[in-house]
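One structure below.
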Amino acid sequence: KNSNLTENYVYIEDLQLKCSEDENVNKIAEQIAENLPKDDAYKEVKEKLKKDLVIVSDNVFRDLVSLTTEVVTRIKIDPLTGTVDKRVGGLWSEEYLPTDTIMYSLILIPGRLNNLKPEEITEKLKKYDGKILQIGGDETVGKGFALIKLVEGGGKNVEKS
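Under our numbering, the residue at position 36 of the sequence shown is numbered 16, and the numbers go up by one with no gaps.
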């Protein structure tokens, strides 16, 4: 049961949404939780996911992203003059994903584009499993760090190219 659910409504940020419980959502939450790292640091995240996962329409999702995306306006100061660095220009804005965002992606490697066997590729990728990877810039302000979790698909229903 979703902890944000009151009668037939769920409350997310400032939105009150009409909803109903769905066993399929519970199954999805279980699958996601099973694929998070096994250590105790993720216990709370797993429990929260199992009780709070909500699936919303594209329009509601767009509104939530607009509402919760962190937007930071920055400026670069020239250390010699103490004023705006003219090489970079004035203000610029950066958008950050909300903290603790869980993302997933697929890694597809066509056989015709490399000379490695699938097992060799898998072994190379396993070196990153459970590691922290910094993606993009802004590492000096603590942005772009991701924990990598590999989940093998088993190669079922894969077309050989």
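Beta carbons are placed, not taken as given, at the ideal position from N, Cα and C, and that holds for glycine.
Residue pairing by DSSP places Phe125 opposite Gln114 in a beta bridge.
Counting along the chain, Glu50 sits inside no alpha helix (DSSP H); it lies in the beta strand (DSSP E) bounded by residues Glu50 to Arg54. Using a Cβ distance threshold of 8 Å, Glu50 and Tyr84 do not count as a contacting pair. For Glu(-13), there is no enclosing beta strand (DSSP E), as DSSP gives it neither H nor E.
In this model, Gln(-4) and Gly110 are separated by some 37 Å (Cα to Cα). Within the same chain, no residue comes within 7 Å of Thr120 by CB-CB distance, once the 5 residues on both sides are set aside.
Beyond the five residues adjoining it in sequence on each side, Leu105 comes within less than 8 Å, by CB distance, of Ile87 and Leu130 in the same chain, given in chain order. Boundaries of the beta strand (DSSP E) around Lys(-2): Leu(-5) to Lys(-2). Nearest neighbour of Leu127 by Cα position, chosen from Val25, Ile112 and Leu44, turns out to be Ile112. When the beta-carbon positions are compared, Leu47 and Glu(-7) come within less than 8 Å of each other. In the structure shown, Val64 adopts extended strand secondary structure according to DSSP, grouped into three states. Under the three-state reduction of DSSP, Tyr76 is assigned to strand. Taken through DSSP and simplified to helix, strand or coil, Ile87 comes out as coil.
Close CB contacts of Val36 within its chain, under the 8 Å cut and outside five residues either way in sequence, are with Ile(-8), Leu(-3) and Leu44 (chain order). For Tyr(-9), the pairing in a beta bridge is given by DSSP as Gln(-4). Annotation for Glu99: the continuous alpha helix (DSSP H) segment containing it runs Pro98 to Lys106. With distances taken between CA atoms, Ile82 lies nearest to Ala13 out of Ser0, Asn4 and Ala13.
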